[in-house]
Each structure stands twice: as structure tokens, then as C-alpha cells.
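Notes to accompany the following structure.
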Amino acid sequence: MPHPPNFSPMAAIGLFGAAHFAKKWQAFFIPLIGIWISDLVINNYVYSSSSSNIVWFYSGFYWQYISYILIIFVGLFIFNRAISLTKTVGGMISSSGIFFLVSNFGVWAGGTMYPKNFGGLITCYAAGVPFIHNTIISDFLFTTVLFGTYYLLQVEYSSLKIKQLKYT
1477 MPHPPNFSPM AAIGLFGAAH FAKKWQAFFI PLIGIWISDL VINNYVYSSS
1527 SSNIVWFYSG FYWQYISYIL IIFVGLFIFN RAISLTKTVG GMISSSGIFF
1577 LVSNFGVWAG GTMYPKNFGG LITCYAAGVP FIHNTIISDF LFTTVLFGTY
1627 YLLQVEYSSL KIKQLKYT
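Quick note: the sequence shown uses the numbering used here, first residue 1477, plus one each step.
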């Protein structure tokens, strides 16, 4: 579904998976498969031209996927023993920063718009600043919804309580 630039639940899903999946491979596999399926639908149905060729991966996709892998690693590190408001906010802020740094680095490294020097990289990051507010807002919104809803559900339904981690 079309959405404002950089407004996506994917970083929050990565953090949530890192905090809640008992098997760590699931924390990576499930969010990344979700992103890939979403990309398939968007690239082949929402934004498709009349071409019959299937777009399996768009150019530069790996920068987006690298950012989500790093976000999941951050989640695994910060949620290794407990989930707290401080850790959740820290993960959310880290996620926004990681996505901004990696995705704009990818634009600079893989594109021709900016010179391949330090000045070009800084110019690319400066050009990305107007888009970071959507990243921050969506990370805040979706992280709050996922973690908050699950916490409230755990209070109401004890069978959802996590054995190895607890909300503090």
C-alpha cells in the first residue's frame, strides 16, 4: 500500500521480533520475509508498469535489508534480559538512526547524484534530513503499538506471558 516516504512498521517489527522470538533465527527470518513479500506486492502490483517481468528485488534493496538486519541485532542486544520502556525507546531511536545512516549511505554509494567523496556523503545525508521525521514518527507509532498492545494483552491473558523475558 502506498504510504508517505519512510513511514513503515518494519523497524518496529524487527525490534519486536528480536525481543519476543525465542529462536533468534526467527527474529531475522520472519521480518525479512515480510519485507520481501511487501516489496514483491508493491513492486509488481502497486507500482508495476505494463511489463510482464516480475521484479524479485529492486535495485539497492540490500541497503534497506542491511538496515533492518542491524536493527534486529540492536534489538537482540538491548532486549537480552528484559523489556522496559527505556530499552524500547532506546531501540526505537537507534532504529531511526540506523535506517537513516544506512539508507542514505546506500543512496550515496550506489547512485550518481553525489560525488564519491566525504563532501558528497555529507551532502547526501543533509538531503535525507527532511525524510527522517517520517521515520521517527513511524518508529514511535508502530513500536508503541506493538510493544504496548502486547504488554496489555499479557496483563489480560497470562498465557501470553513470556517465560524468558519480562516487561519491567
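Yeah, the Cβ is synthetic: ideal placement off N, Cα and C, and Gly gets one too. Predicted model, so just to flag it, every value in this text is computed and none were measured.
Buried or exposed, going by whether 16 or more other CB atoms sit within 10 Å of the CB of Pro1485? It counts as buried.
Quick check on Ala1498: does DSSP put it in helix, strand or coil? In this structure, Ala1498 counts as coil in the three-state DSSP scheme.
Is Ile1530 helix, strand or coil by DSSP? In this structure, Ile1530 counts as coil in the three-state DSSP scheme.
Straight-line gap, Phe1483 to Thr1620 (C-alpha atoms, nearest Å): Each residue's alpha carbon lies about 14 Å from the other.
Going by other Cβ atoms of all chains shown within 10 Å of its Cβ, with 16 needed for buried, is Gly1677 buried or exposed? The chain is shown only over 1477 to 1644; residue 1677 falls outside these bounds and no answer can be derived.
Considering only their Cβ atoms, is the gap separating Gln1502 from Gly1490 smaller than 8 Å? Not in contact: Gly1490 and Gln1502 (Cβ atoms no closer than 8 Å).
Would you give the residue range spanned by the alpha helix (DSSP H) that Thr1588 belongs to? Segment: none, Thr1588 is in no alpha helix (DSSP H) and carries neither H nor E.
On a Cα-Cα basis, can you pick out the residue from Phe1575, Ser1535, His1496 that is closest to Val1626? The sequence as given places Tyr at residue 1626; Val does not occur at that position. Of the candidates Phe1575, Ser1535, His1496, His1496 places its Cα closest to the Cα of Tyr1626.
Local Cβ density within 10 Å of Phe1533, reported as buried at 16 or more and exposed below that: Answer is exposed; the Cβ neighbour count stays below 16.
Determine, using beta-carbon pairs with one atom in the region 1601-1617 and one in the region 1575-1583, whether at least three such pairs fall under 8 Å. As far as the Cβ criterion goes, the region 1601-1617 touches the region 1575-1583, which means the pair count is three or higher.
Identity of the residue in Ser1524, Ser1572, Ile1545 nearest Lys1500 by Cα: The shortest Cα separation from Lys1500 among Ser1524, Ser1572, Ile1545 belongs to Ile1545.
When Pro1606, Phe1537, Phe1504 are compared against Leu1516, the one with the closest alpha-carbon: Comparing Cα positions, the closest option is Phe1537.
Measuring alpha carbon to alpha carbon, tell me which of Met1568, Gly1582, Tyr1590 ends up nearest Trp1539. Of the listed residues, the one whose Cα sits closest to Trp1539 is Gly1582.
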